[in-house]
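S.K.: The sequence shown begins at 4 in full-length UniProt numbering and counts up one residue at a time. Ideal placement from N, C-alpha and C gives every residue a C-beta, glycine not left out. Keep in mind the model is a prediction, meaning the values are calculated, not measured. This is the structure I want to talk about, given as structure tokens.
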Amino acid sequence: VNFGDELVTREEKTRRVGGVFSSVASNYDLMNDLMSGGMHRLWKNRFVAKVKPRHGEAILDMAGGTGDIAFRMADRGARVTVSDINPDMLAVGMERAKARNIQGLTWQVENAEKLSFDDAIFDAYTIAFGIRNVTDIPAALREAHRVLKRGGRFYCLEFSTSEWPGFGELYDRYSEHLIPKIGKAVAKDEDSYRYLVESIRRFPRMDAFRAMIGEAGFKSTSVEPILGGLVAIHGGWKI
Ligand code: SAM
Numbered sequence: 004v005n006f007g008d009e010l011v012t013r014e015e016k017t018r019r020v021g022g023v024f025s026s027v028a029s030n031y032d033l034m035n036d037l038m039s040g041g042m043h044r045l046w047k048n049r050f051v052a053k054v055k056p057r058h059g060e061a062i063l064d065m066a067g068g069t070g071d072i073a074f075r076m077a078d079r080g081a082r083v084t085v086s087d088i089n090p091d092m093l094a095v096g097m098e099r100a101k102a103r104n105i106q107g108l109t110w111q112v113e114n115a116e117k118l119s120f121d122d123a124i125f126d127a128y129t130i131a132f133g134i135r136n137v138t139d140i141p142a143a144l145r146e147a148h149r150v151l152k153r154g155g156r157f158y159c160l161e162f163s164t165s166e167w168p169g170f171g172e173l174y175d176r177y178s179e180h181l182i183p184k185i186g187k188a189v190a191k192d193e194d195s196y197r198y199l200v201e202s203i204r205r206f207p208r209m210d211a212f213r214a215m216i217g218e219a220g221f222k223s224t225s226v227e228p229i230l231g232g233l234v235a236i237h238g239g240w241k242i
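This is the structure in structure tokens:
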């Protein structure tokens, strides 16, 4: 599999992705604001509006990192399990939750490819800016399907490819040159941010990813492009 420009084994990719997020954890929230000009907050608000978390629902926020999505869903009364492969990201999230006095969250280290949860226990599964880091994406989608109840919903927020003429190229140039520089200046870590840019570029286009969600068993799959598909919200139902 690819890691940046290198070919590495699956285990090695998973290990290195771990290294990237351990390295970025403490600066993660600041970097998101800097890199997206604050726009990631709007995308996350739109995403959660689409998920429509309800009071008392059990929701799994996979690759939940420092909790941005989980906090928004807990605000609406959902019982959210925040899972991530990286304990350093979760540790930052737990601190933030404590500082903001957010209730109703459970934190658990999990690999999206192989979850420890029983079948059919969640009303919704969310994954935001996480799936592109997963080594075996079809395995993660099958696991999402397995842990959802019948009638449960899957939603994914992820970078994709903008179909607006010229916009994709503009973004490529911005991300290739500027993001690693911001990473170097702020987080003293150019390589991790270079990997993050590369992982965005390699992620399947909107229709291809929608088809993968269908192959995992989800029905009524959907995609909502944001900024022409620079970012996309994919969805599907377990029926
Ligand atoms: N969802 C959060 C947000 O929107 O701010 C965090 C997104 S962050 C860019 C990606 C997260 O995916 C990291 O916290 C990383 O540790 C996690 N991750 C990467 N591979 C994973 C895997 N196989 N299973 C679970 N989490 C994974």
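If contacts are defined as beta-carbon pairs under 8 Å, then F221 and G239 qualify, I think. What distance do you get, rounded to the angstrom?
M.R.: 3 Å
S.K.: If you measure between the beta carbons of S165 and R208, is that distance less than 8 Å?
M.R.: no
S.K.: Would you kindly work out how many angstroms separate the C-alpha atoms of K191 and P228, rounded to a whole number?
M.R.: 33 Å
S.K.: Suppose only complete runs of 3+ residues qualify. What are the beta strand (DSSP E) ranges in the stretch 149-199, listed by chain order?
M.R.: 151-162
S.K.: Please classify G80: does DSSP put it in a helix, a strand, or coil?
M.R.: DSSP places G80 outside both helix and strand once states are collapsed to three, so it counts as coil.
S.K.: With distances taken from CA atoms, which of R99, S86, P56 and D64 is nearest R79?
M.R.: P56
S.K.: Below 8 Å on the Cβ atoms is my contact criterion, and I expect T224 with V4 to pass it. Report the Cβ-Cβ distance as a whole number of Å.
M.R.: The Cβ separation is near 25 Å, so there is no contact.
S.K.: Below 6 Å CB to CB, which residues in the same chain sit around A77 once its five sequence neighbours on both sides are set aside?
M.R.: V83, I105, G107 and L108
S.K.: Within the same chain, show all residues whose beta-carbon is closer than 6 Å to that of S195, passing over the 5 residues directly before and after it, in chain order.
M.R.: V23, S26 and V27
S.K.: Can you tell me where the alpha helix (DSSP H) with V51 in it begins and where it stops?
M.R.: M42 to V54
S.K.: Relative to the C-alpha of H58, which candidate in R75, R153 and I236 has its C-alpha closest?
M.R.: Here the closest residue by C-alpha is R75.
S.K.: Could you tell me if the beta carbon of D121 falls within a distance shorter than 7 Å of some heavy atom in the ligand SAM?
M.R.: no
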